[in-house]
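Protein chains in written order, with the numbering used here: chain Z, 564 to 873; chain F, 347 to 649. Contents: one structure, followed by commentary.
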Amino acid sequence: MASTAESVSDPARPEPLHSGGRQRGNPWRRPWALEGFTWLYILWSIVPIGIAVLFSFNKGASQATWQGFSTKWYVGNQVTSVLHNPSLHHAVVQTLILGVLTTLICVPIGVGFAIGVDRWRTRTSQGLNLVMIFSFVIPELLLAVALFLLVTQALTFISLGTEAEVAGLVVWNLSWPAIIVRARLVSIGRSYEEAAADLGASRMGAIRRVLIPMLMPAIFASAVLVFASTVDDFVIVEQLSSTGNTQPMSVLIYSNVHGGLSGPALNALATILLVISLAAALIGFIAYRWMTRGERTQGSTEALTSIAGI
Amino acid sequence: MDQQNTYDKRNRRLWIGLAAPGAIWLLVLFVAPFYVMLSVAGGGINEFFQTVVPVWNPLHWSSFNFSAVWHDIVGAGAYIGPPALRTLLYTAIATAISLAVAYPVAYFVSRFAGGRKGLFLVLLIAPFWVSYMMRMLAWIDLLQQGGFFNSALSFFGLPGNTDWLGGKSVTVILGLVYGYIPYLILVLYAFLDRIDQRLLEAARDLGLSKWRTFWSVTIPLSKPAIVAGCFITALPMVGDYFTNQLLSAAPGTTMIGNAIEGQLDSPGQTGQGAVLALMLLVILLIPMVYYVMSTARASREMA
């Protein structure tokens, strides 16, 4: 945008050569209609969520009429608050367990996969990469059904519940670190690593002391994405959970929307889920800025797009 | 180039070792499950317990489940046809609406947001970080009878007692749009942001009007992003079975995902559920392969 603004103020800028198309008004004026439309979209996308958060603090049991502020759906109510209701409580714990376990397994093997496949250039590695990209685009339901059949019909030593959920979530999220780290590998190139090798670093040393630190922002961004997408996951965990104790928040909200636990307690649960995701995003954003502080980047815009995986 | 190759070759064992855990995980938990699905689909059932008996040898696969599903689709009393058709319709309409909304928004933020780009990006990315269940719950709150939406309607003198959550296709389609549009906006934004501004300035300098520049430069340039974005939005919509359950829960709005899930859970029908899932997979392979090929091409150009 800066370049267009400069070219307008530049007095030496030649007038367009043709005579017929005289510009009416300022061609670089702000497009009000587009901006208004964008704001409408943003309101539409965010206001309903704000209202849902608000109703988690409702004094009454309604999700439609405001009856005063209260935190009873979080801590106060002895029966249906998130703190006191065992199934709500379990769901929060289960979500966090799944998020942490999946991130801890998924990110290292995804990073290794990205480096290995990028450097080991054979038919096999290209094929593996293709399989990985398919795992990124396949509708989640199809993978979830296939995984359900796998653990119930073939690998029966994996029981439905946390084990199966983590196994499935790792494979579903593997493409985040694999794709993001690979993109960063391509932009880094190989010269640093080769220089380290020429200067006497061992091959593991070159990776550990040169490559990994340079990949750190990408690794971290993908870890945040894996955690957030695991915490929000519904389809795979719904198919692979077994008893109530292995149902995370998303499944509990789904199964109680039509009857079951009363309204605002679900809003409270959803709000906790929201806070967990946003906290991960915020940590990711700050850490990404910090890790790339010495580099020439586009600053906050790049950090934002990186932790959103674009 | 040669030096790079010797470096890579010398360390081949290391690269294989690094890739191995991820590769094994993918083979065991992504490729193998679909073979199990085939074995269940081609297998039989235990008549007494009504449980699945998978058949591992492809030579012994039977067509029993396949013909059963075929009769459910076309025969008398077919019940798979309507949800399948509905899936197609819902996905097409919801994707079209998403594109119509997402493109102007992504275009504005990438081209005109100027110094406020960071702010707009935060606001556009925010829904991406809010759980899907939370976002659907928000609409359930708003659309219920006595909820804000109906109150707003009656405030403007319109009938405010509509049961929006009682099986309306409109609600489900808008739910799908609301659920998946952030992905489309992000894909479009990422691409539009990389368009070389000088191309657009050149078009204007050469005398094209603002609209002509948009139609004959920006839109053609962003075609790959439109196609990729629509796939990335439509593919999960096709496999969606929870949005309609949350926002309507009526048999008149079921989609193919509900049919698959329902059969999987009912005794004796697991094999038919597997067949349905396989059929959906085969149909979706075409857009999936197209998407994978175009990303592979893009990353080759990048490298």
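Beta carbons are placed, not taken as given, at the ideal position from N, Cα and C, and that holds for glycine.
Would you check whether the ligand MN has a heavy atom nearer than 6 Å to the C-beta of residue 546 of chain F?
By its list of ligands, the structure shown contains no ligand whatsoever, and the ligand MN lies outside what it can speak to.
Would you say residue 838 of chain Z lies against chain F (beta-carbon separation less than 7 Å)?
no
Are residue 822 of chain Z and residue 624 of chain Z closer than 7 Å when you measure CB to CB?
no
How would you label residue 478 of chain F, buried or exposed, when you count the other beta carbons within 10 angstroms and need 16 or more for buried?
buried
Is residue 386 of chain F close to chain A, meaning its C-beta is less than 7 Å from at least one C-beta of that chain?
Looking for chain A here will not work: the only protein chains present are Z and F.
Give me the chain Z residues within the contact set of residue 541 of chain F, using Cβ-Cβ distance strictly less than 8 Å, ordered along the chain.
Correct list: empty, because the minimum Cβ distance to chain Z is about 13 Å.
As assigned by DSSP and simplified to three states, the class of residue 391 of chain F:
strand
According to DSSP, what are the bridge partners of residue 632 of chain Z?
Z:621
Could you list which residues in chain Z have their beta carbon closer than 7 Å to that of residue 463 of chain F, in chain order?
864
Name the residue from F:418, F:367, F:382 whose alpha carbon lies nearest to the alpha carbon of residue 609 of chain F.
F:418
Proximal residues of chain F, C-beta to C-beta of residue 716 of chain Z below 8 Å:
382, 385, 386, 398, 400
When we look at the beta-carbon of residue 403 of chain F and count the other beta-carbons within 10 Å, is it buried (16 or more) or exposed?
exposed
Taking 7 Å as the CB-CB limit, is residue 705 of chain Z close to chain F?
yes
Against residue 604 of chain Z, what residues of chain F qualify as contacts under a CB-to-CB distance less than 7 Å, listed in chain order?
447, 451
Contact the stretch 630 to 648 of chain Z vs the stretch 495 to 509 of chain F: 3+ CB pairs below 8 Å:
no
Every unbroken alpha helix (DSSP H) inside the stretch 584 to 618 of chain F [4 residues or more]:
589 to 593, 602 to 611
Between the alpha carbons of residue 529 of chain F and residue 471 of chain F, how many angstroms are there, rounded?
9 Å
Run through DSSP, which three-state label would residue 838 of chain Z get?
helix
First and last residue of the alpha helix (DSSP H) that includes residue 806 of chain Z?
Premise fails: residue 806 of chain Z is in no alpha helix (DSSP H) and is neither H nor E.
Can you give me the start and stop residues for the alpha helix (DSSP H) that residue 729 of chain Z sits inside?
725 to 736
By the DSSP assignment, the alpha helix (DSSP H) with residue 517 of chain F in it spans what residues?
515 to 538
Assign residue 398 of chain F to one of three DSSP states: helix, strand, or coil.
strand
Does the beta carbon of residue 636 of chain F come closer than 7 Å to any beta carbon on chain Z?
no
Applying a beta-carbon distance threshold of less than 8 Å, which residues of chain F neighbour residue 741 of chain Z?
368
Our contact map puts residue 640 of chain F next to residue 574 of chain F with C-beta atoms below 8 Å; I'd like the distance itself, whole angstroms only.
6 Å
How would you list, in chain order, the residues of chain F whose beta-carbon sits under 7 Å from the beta-carbon of residue 615 of chain Z?
480, 483, 484, 487
Nearest-angstrom Cα distance between residue 680 of chain Z and residue 634 of chain Z?
51 Å
How is the alpha helix (DSSP H) around residue 789 of chain Z delimited, first residue to last?
775 to 795
Taking only three categories from DSSP, how would you classify residue 718 of chain Z?
coil
Determine whether the beta carbon atoms of residue 433 of chain F and residue 580 of chain F lie at a separation below 7 Å.
no
Less than 7 Å separating the beta-carbons of residue 799 of chain Z and residue 732 of chain Z?
yes
C-alpha distance - residue 637 of chain F paired with residue 568 of chain F, whole-angstrom precision
15 Å
Say whether chain Z places a C-beta atom closer than 7 Å to the C-beta of residue 372 of chain F.
yes
Evaluate contact between the stretch 744 to 760 of chain Z and the stretch 806 to 815 of chain Z, counting only Cβ atoms and requiring at least three cross-stretch pairs below 8 Å.
no
Would you decide whether residue 730 of chain Z is buried or exposed? Buried here means 16 or more other CB atoms lie within 10 Å of its CB.
buried
Which residues in chain F have a C-beta closer than 7 Å to the C-beta of residue 698 of chain Z? List them in chain order.
372, 376
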